[in-house]
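As C-alpha cells, the structure follows; a few thoughts come after it.
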Amino acid sequence: MHTDEGDSDGFTAYFAPRAGGLLRFAFLLTGDAGEAEELTQMTLVRMFVVWPRVRGHDRPDAYARRVMVNANARRFRRRRVRQVLVDVPPERAEPSSQLAAVEDRVGLAAALATLPPRQRAVVVLRYCEDRPEAEVATLLRCSTGTVKSQAAKGLAKLRAHPAVTGLGTGPADPAGLPGPAGPPSPSRVARPVIGREELP
1 MHTDEGDSDG FTAYFAPRAG GLLRFAFLLT GDAGEAEELT QMTLVRMFVV WPRVRGHDRP
61 DAYARRVMVN ANARRFRRRR VRQVLVDVPP ERAEPSSQLA AVEDRVGLAA ALATLPPRQR
121 AVVVLRYCED RPEAEVATLL RCSTGTVKSQ AAKGLAKLRA HPAVTGLGTG PADPAGLPGP
181 AGPPSPSRVA RPVIGREELP
C-alpha cells in the first residue's frame, strides 16, 4: 500500500486532536518538556511512515503509544543521565485550578524521572492513565505479575521521593498515586490511550 494524498489527509485528521495527549504522555515518560516535544515529533514521524499499514487498525493511537514507550527506552539507554524537569506542557485548565494542577504535575514528573524506563512506564500506564494491569501487561509484553511487582517497586520509590511525599499518599492523592492500602485513583494528568508495540 502506498501513501497517497488521501492517506496523508487521514493521518492529519486522526492525530491532530490526539497530539496533546501524546505530548502529555511523553512528558510523564521523560520528565522534560523539551524532550517530550522531541519524543512526540519522533513518534508522529514514525506513525506517518507506517500510516498506510496501521490506519485500518482499530486503535492506531494505541500503536503510537507503544512506539513512544520504545523510543523513550532507547533514549534512556543512550544517555544514562538523570533527567531534570524544566517545564510542563500547557494544559487546558480553569485559571483557578491551573497553579495547583501544575504544581502536582511538576512534583510527580520530577519523581517519575528517577525511575528506570520500564518501571516508569508501568507506573505511568497503571496509575497516571488508570489502566488495568492486564492492559499494561499487554502493552509491555510481560505478565501481570511483573506489572504488579514493577508497580509496587515504583510506588515505593515515588512515595520516598521528597517531591511526592508532600502531595500525600491517600486514595485522593493529587499526584494520582494510590495510598498504601487504597486503590489507584485517576490522576489530574491527562489520560491518553496506550499503545501496543513491544519494548526492546
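Residues 1 to 200, numbered by this note's numbering, are exactly what the sequence shown covers, in order. Using N, Cα and C, we set each Cβ at its ideal position, and we do this for glycine too.
Nearest candidate by alpha-carbon position, reference residue i, set the options
i      : options                          : result
THR30  : ALA156, ALA111 and ARG131        : ALA111
ALA24  : TRP51, GLU133, LYS153 and GLU129 : Sequence inspection shows Arg at residue 24; the Ala mentioned does not correspond to that position. Cα-wise, what sits closest to ARG24 is GLU129.
ALA13  : TRP51, ARG65 and ALA137          : TRP51
ARG66  : LYS153, VAL136 and GLY154        : VAL136
ALA145 : GLY154, LEU155 and GLU133        : The residue you asked about is not Ala; residue 145 is Gly in the sequence shown. Per the Cα distances, GLU133.
First through last residue of the alpha helix (DSSP H) which encompasses residue i
i      : result
LEU140 : 133 to 140
LEU39  : 33 to 54
PRO117 : 117 to 123
Helix, strand or coil at residue i [DSSP, three-state]
i      : result
SER143 : coil
ARG59  : coil
ALA12  : Inspection of the sequence shows that residue 12 is occupied by Thr rather than by Ala. DSSP places THR12 in helix when its eight states are reduced to three.
ALA19  : helix
ALA113 : coil
Contacting residues, own chain, Cβ-Cβ under 7 angstroms from residue i (five flanking each side not counted)
i      : result
PHE48  : PHE11
LEU44  : PHE15
ALA151 : VAL122, VAL123 and ARG126
MET42  : ALA71
ARG46  : VAL67
Same chain, Cβ closer than 6 angstroms to residue i, neighbours up to 5 away in sequence not counted
i      : result
PHE15  : none
ARG18  : ASP61
THR138 : none
Cβ shell of residue i (< 8 angstroms), same chain only, five flanking positions each side left out
i      : result
ARG55  : ASP7, GLY10, PHE11 and TYR14
LEU39  : ALA26, LEU29, THR30, MET68, ALA71, ASN72 and ARG75
HIS161 : ALA110, ALA111 and THR114
ALA163 : VAL106, GLY107, LEU108, ALA110 and ALA111
VAL147 : VAL122, ARG126, GLU133, VAL136, ALA137 and LEU140
SER143 : ALA137
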